[in-house]
Every structure is written in structure tokens, then in C-alpha cells.
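Numbering (the numbering used here), first residue to last: 207 to 681.
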């Protein structure tokens with residue numbers, strides 16, 4: 207198997223196949239603009255056809271073949287996404303257990319693709335195979351999002367701070383295959399990327415030298431850059447648009463970053479296994495699903511689709527590509543809230559209202575009920591708005607036990623003695639957390655100098671539950 211970090215010319219052979227090149231051209235010319243040129247009925251027809259094709263492909267893969275046979279399911283039983291509930295779900299453990307030969311068709315030529323892994327936030331990463339076409343589709347999702355926000359991938363100056371370590375999807379896309387190859391035909395000097403593990407001061411210097419129109423990273427890095435900007439770094443840096451992804455974006459971080467840069471921030475949603483999933487509408491408040499790239503289900507604890515406005519667990523099917531198929535995959539473990547597909551922006555897709563973070567980070571309350579962290583992540587911002595003070599630089603909400611939630615707070619040293627005293631700020635925040643969560647849970651507000659990323663990722667999570675319960679329910 208050729209890794210994303212050690213690719214030979216052989217792995218790039220698909221690019222020199224005329225059939226592949228025609229397929230690529232057709233995809234670029236038709237797929238990116240589809241969401242502007244179709245209605246929901248046409249999109250559903252396309253989605254059904256793609257879903258049938260991917261189920262047929264999945265049936266050639268040992269993992270799926272075994273699962274479908276055990277449930278007496280044949281691809282001919284699946285006419286479209288309305289039949290998705292007939293199919294068993296696939297978990298992270300399924301992919302881990304059947305890796306490597308059980309997650310690709312027998313005889314699959316791995317030299318014409320690459321292997322990527324997730325960040326492994328649960329302790330053990332998931333490894334899957336991608337073909338080059340799947341990577342191209344990931345790039346097309348980015349191009350679509352950029353176009354939505356007024357950019358052009360061949361002309362707009364774009365700077366991305368990403369988790370670009372060997373083996374990641376981002377590394378394969380930006381360093382290992384797609385963009386380096388395209389650079390032979392099209393100048394892409396307008397797109398730059400930096401590894402997210404670099405020091406924020408070093409990153410800020412490179413951003414300032416490049417002067418991008420579009421600046422994208424995860425919420426924590428954007429917040430750190432906004433802090434530097436607020437305190438005099440890069441005074442001539444004025445991106446027109448900010449892009450967030452890879453982690454849950456809380457309301458405080460959004461406001462803080464937008465205020466610091468004087469630019470609008472749009473959130474994007476994707477996963478290594480599934481590729482691009484959704485992107486924020488320019489009308490704000492909701493997200494467009496890449497409905498021609500993925501089929502996204504939002505299910506309750508009984509695996510029944512939830513109604514618009516209700517929280518469900520994300521189950522995703524990727525509607526393209528070879529390598530490892532992703533059909534009814536539960537492993538992204540996110541909580542999402544579907545919405546009615548209504549928007550005046552000109553894009554016609556399915557929509558979601560909220561992305562609420564990992565279901566594994568649901569807070570378990572003493573009475574046995576479960577609460578989404580989304581309910582409390584806005585409290586620090588609300589508290590600062592109450593006092594007209596913005597001295598909280600960063601925070602993290604950690605459930606230490608069923609009876610204790612601790613909020614770690616980093617204070618901006620330049621604003622410590624400006625405005626409301628720290629003890630009064632913390633007291634008000636504690637009161638608001640208690641009102642939201644209820645009595646019986648001790649709320650601790652703890653000041654700290656720094657909040658560290660997780661051990662398996664360079665991203666900082668806004669909310670974490672240390673209470674592990676395999677029977678976690680949504681309600």
C-alpha cells in the first residue's frame with residue numbers, strides 16, 4: 207500500500223488515464239454547480255441513483271457483504287434513500303475489525319489510491335482506503351463552499367491552517383496528490399496551507415505576508431489568531447471571509463473572531479470518512495447539506511428519523527468513490543438537528559439547523575437524563591455581553607462526574623483589570639450554568655493559563671464529558 211506521505215508516480219497513474227480525465231472533467235463541470243441548478247425533487251432523484259450504485263459497490267466489500275447477507279438484504283432490495291433503513295449501520299469498530307482486506311473489494315488495486323486515518327480521538331484511529339477520484343470530490347466540496355462565499359479557487363487568495371500530518375486526508379489532498387498534480391496544469395499559488403501545530407505567532411506572520419482574502423482553520427486556531435490580531439499583530443491583515451471547520455463552533459468564538467478581524471465567519475462540516483458534509487448558508491443560521499455528495503440521516507435512539515428541529519445522531523452515506531465505501535456509518539458520532547429545506551440564497555439542498563458536537567460528549571445528569579453541550583456553550587458569551595466585557599480569551603466545559611461540571615477559563619491579561627471584576631464575572635457565569643443545568647450539579651469556574659488540545663488531535667474541544675456510559679441516550 208502506498209501511503210499519502212510516500213507516493214510514487216504509479217499512484218498518480220489515474221490522472222494520465224483518458225477515461226479518468228474525462229470523468230474528472232465531467233464531475234467538475236456538472237457537480238459543483240448542481241446545488242444551484244436543481245430543485246429538491248431532481249436532487250432526490252440523483253441521490254437515489256447514487257445511493258443504489260454505492261450499495262451495489264458496497265456489496266462487493268467483505269464487511270458489507272457479510273452484514274447484508276446476515277440481514278437478508280440484497281442490493282436489488284434498495285431502490286433509493288427511502289430504503290436506507292433496511293440496511294444495517296456500520297460502526298467504527300466494524301471498520302477497525304475488518305481492516306485492511308475486509309473494507310475494500312477483493313482485488314482492489316491499492317496502488318491507485320491511498321490510505322488515510324482519522325485523528326483517533328477515541329484512542330484508536332480508523333483507517334480507510336480512498337481512490338483519487340474521492341479526493342477530487344473532497345476538493346470539489348471545498349470549491350463549492352468557496353464559490354458560495356464569493357471566492358474563486360483559481361484566483362482568490364486562500365490560506366488554510368490544517369491538520370496536515372502524513373496519513374490525514376488533508377495531507378493527501380494538499381501535499382500528497384491532488385493539488386500538487388493540478389499545479390502542473392493550473393497555477394495554484396493563490397492557495398497556501400500551514401500545519402496547525404505551528405506556533406500561532408509563526409502562523410500569523412505567514413498569514414500577514416500572504417495577505418489572504420479567505421482564511422480558514424478550526425475554531426480554536428482562529429480564536430488564537432484573533433487574540434493576536436486584537437493585540438496589535440498584523441494590523442494590515444484584513445481577510446474578507448473566515449472559514450471554520452474540524453470542530454464545533456461556539457457562539458462566543460464566532461463573535462470574538464469576527465470582531466477581531468472585521469470579517470464574516472462561515473462554518474463548514476465534514477469528516478475524514480465521509481468527506482464534505484455541509485456548509486453554512488450565507489443567510490446564516492442554518493447549513494446546506496452537500497446532498498449530492500452524502501446522504502445524511504438524523505436518527506433517534508430507536509434508529510427512527512427525527513423531525514425537523516429535533517436533535518438526532520448523524521448517520522452518513524458517501525455517494526461517490528471507490529476504496530472503502532461509507533454506507534450508513536455511525537462513526538462520526540455527531541449530534542445534528544435537521545431543518546426544513548428553506549433558503550433564499552439560491553442553493554437548493556437538504557438543510558440542518560445545528561451541529562451539536564459529539565454524541566459521546568453528551569452530559570449525563572444526576573437524574574439520568576442527557577443534555578447536549580450546545581445548551582451551555584453560549585453562556586460565556588452571554589455573560590460577557592451582560593457586562594459589556596470581553597476578557598474571556600478561551601474556555602472549555604468539562605463534565606468531571608455526574609454531579610460536577612468544571613468550566614476552565616483563560617483570561618486576557620490585557621483586559622484582566624478592565625471593567626467587571628473577575629470574581630463577579632465568574633459568579634454570574636456560574637449562576638447561568640446552574641439555571642441551564644439545574645440543581646444537583648456542582649458548577650466550578652476555574653481560571654487556567656492554557657487549555658491543551660486532546661492527546662490524539664491538534665484540535666481543542668469546547669465541551670468534554672469524562673462520564674462514560676455505553677447506554678447514552680438522547681433523551
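Where is the CB? At the ideal position from N, CA and C, for every residue including glycine.
Whole-number beta carbon distance between residue j and residue i, since they are thought to touch under 8 Å
i: residue 484; j: residue 558; result: 6 Å
i: residue 527; j: residue 339; result: 6 Å
i: residue 479; j: residue 334; result: 6 Å
i: residue 555; j: residue 309; result: With 8 Å as the limit, residue 555 and residue 309 do not qualify as a contact, their Cβ atoms being about 29 Å apart.
i: residue 583; j: residue 666; result: The pair is not a contact, with the Cβ atoms about 13 Å apart (cut-off 8 Å).
i: residue 521; j: residue 539; result: Actually they are not in contact, since the Cβ atoms of residue 521 and residue 539 sit about 10 Å apart, beyond 8 Å.
i: residue 544; j: residue 579; result: Rounded, the Cβ-Cβ distance is 19 Å, inconsistent with contact.
i: residue 581; j: residue 608; result: Going by Cβ atoms, the distance from residue 581 to residue 608 rounds to 16 Å, so no, they are not a contact pair.
i: residue 604; j: residue 670; result: 5 Å
i: residue 427; j: residue 398; result: Actually they are not in contact, since the Cβ atoms of residue 427 and residue 398 sit about 15 Å apart, beyond 8 Å.
i: residue 261; j: residue 533; result: 6 Å
i: residue 446; j: residue 469; result: 6 Å
For residue j and residue i, the rounded distance between their alpha carbons
i: residue 602; j: residue 536; result: 26 Å
i: residue 407; j: residue 434; result: 8 Å
i: residue 591; j: residue 635; result: 11 Å
i: residue 765; j: residue 639; result: Residue numbering for the chain in the displayed model covers 207 to 681; residue 765 lies beyond these limits and cannot be assessed.
i: residue 357; j: residue 506; result: 37 Å
i: residue 351; j: residue 648; result: 42 Å
i: residue 300; j: residue 294; result: 11 Å
i: residue 419; j: residue 241; result: 24 Å
i: residue 245; j: residue 237; result: 14 Å
i: residue 594; j: residue 588; result: 10 Å
i: residue 317; j: residue 269; result: 21 Å
i: residue 281; j: residue 510; result: 22 Å
i: residue 475; j: residue 493; result: 9 Å
i: residue 561; j: residue 620; result: 33 Å
i: residue 663; j: residue 424; result: Here the model assigns residue 663 a pLDDT of 49, short of 50, so the residue's position is not dependable and the matter cannot be decided.
i: residue 674; j: residue 498; result: 36 Å
i: residue 404; j: residue 370; result: 11 Å
i: residue 265; j: residue 367; result: 38 Å
i: residue 577; j: residue 508; result: 18 Å
i: residue 517; j: residue 568; result: 12 Å
i: residue 343; j: residue 627; result: 51 Å
i: residue 251; j: residue 610; result: 49 Å
Three-way DSSP call (helix, strand, coil) for residue i in this model
i: residue 293; result: coil
i: residue 473; result: strand
i: residue 323; result: strand
i: residue 344; result: helix
i: residue 671; result: strand
i: residue 666; result: coil
i: residue 410; result: helix
i: residue 312; result: coil
i: residue 281; result: helix
i: residue 269; result: helix
i: residue 490; result: coil
i: residue 531; result: coil
i: residue 620; result: coil
i: residue 559; result: strand
Of the residues the options, the one placed nearest residue i, counting alpha carbons only
i: residue 487; options: 654, 504, 449 and 468; result: 449
i: residue 481; options: 324, 371 and 626; result: 324
i: residue 599; options: 622, 369 and 610; result: 622
i: residue 501; options: 425, 674, 286 and 653; result: 286
i: residue 490; options: 244, 550, 614 and 401; result: 550
i: residue 292; options: 561, 302 and 273; result: 273
i: residue 495; options: 619, 513 and 546; result: 546
i: residue 650; options: 471, 497, 239 and 606; result: 606
i: residue 255; options: 654, 610, 613 and 524; result: 524
i: residue 442; options: 411, 451 and 461; result: 411
i: residue 519; options: 297, 331, 597 and 655; result: 297
Closer than 7 Å: residue i CB and nearest the ligand ZN heavy atom
i: residue 617; result: The model on display carries no ligand, and the ligand ZN is accordingly not part of it.
Element boundaries [beta strand (DSSP E), containing residue i]
i: residue 544; result: 540 to 545
i: residue 503; result: 500 to 505
i: residue 656; result: Note, residue 656: premise wrong, no beta strand (DSSP E); not H, not E.
i: residue 599; result: 598 to 607
i: residue 434; result: First-last for residue 434: 425 to 436, but that is the alpha helix (DSSP H), not the beta strand (DSSP E).
i: residue 482; result: 481 to 486
i: residue 447; result: 447 to 450
i: residue 610; result: 610 to 617
i: residue 401; result: 397 to 401
i: residue 333; result: 333 to 337
i: residue 523; result: 518 to 524
Continuous alpha helix (DSSP H) stretch holding residue i: start and end
i: residue 261; result: 246 to 264
i: residue 591; result: 585 to 593
i: residue 304; result: 298 to 304
i: residue 494; result: First-last for residue 494: 493 to 495, but that is the beta strand (DSSP E), not the alpha helix (DSSP H).
i: residue 631; result: 628 to 643
i: residue 241; result: 240 to 243
Residue-chain proximity (residue i, chain D), Cβ-Cβ < 8 Å
i: residue 263; result: Here there is only one protein chain, and chain D is not present.
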